[in-house]
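K.L.:
Anchor point for the sequence shown: position 68 equals 55 in the numbering used here, and the numbering is continuous, going up by one each time. Using N, Cα and C, we set each Cβ at its ideal position, and we do this for glycine too. The following block contains the structure, expressed as structure tokens.
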Amino acid sequence: MEDQIKQNLKKYIVEQFDISEEKLEKEENLYLLGMMPRDVVRLILEIEKEYGIHFTETELADNKLDSISNIVLAIRKHVHK
-12 MEDQIKQNLK
-2 KYIVEQFDIS
8 EEKLEKEENL
18 YLLGMMPRDV
28 VRLILEIEKE
38 YGIHFTETEL
48 ADNKLDSISN
58 IVLAIRKHVH
68 K
């Protein structure tokens, strides 16, 4: 399941934020990939909609959603509640 989530997430980032797949393979931190805070918010809103989940204020405030791996772990945590 994690691999599928990760692939879907990467595909969305490539399509919506014009970040190359090669860049995604080298870097996981969304901000180091060149995403702006508004882009990350848009991504998080799309993830919540897609998976029917809601990230907590703590997850958002503590930058726990700043990388692809962290987002995948958070999705998994919410989906398996």
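#1: Can you name the start and end residues of the alpha helix (DSSP H) that glutamate 153 belongs to?
#2: State the Cα-Cα distance for the pair histidine 65 and glutamate -11, rounded to the nearest angstrom.
#3: Return the residue from the list Asn50, Leu60, Ser56 and Asp26 that minimises the CA-CA distance to isoleucine 40.
#4: Mapping the DSSP letters down to three states, classify serine 7 as helix, strand or coil.
#5: Between isoleucine 55 and leucine -4, is the Cβ-Cβ spacing less than 8 Å?
#6: To the nearest angstrom, how far is it from the Cα of glutamate 15 to the Cα of valine 28?
P.N.:
The answer reads as follows:
#1: In this structure the chain extends from -12 to 68, so residue 153 is not present and cannot be described.
#2: 13 Å
#3: Leu60
#4: coil
#5: With respect to the 8 Å criterion, isoleucine 55 and leucine -4 are classified as neighbours on the basis of their beta carbons.
#6: 16 Å
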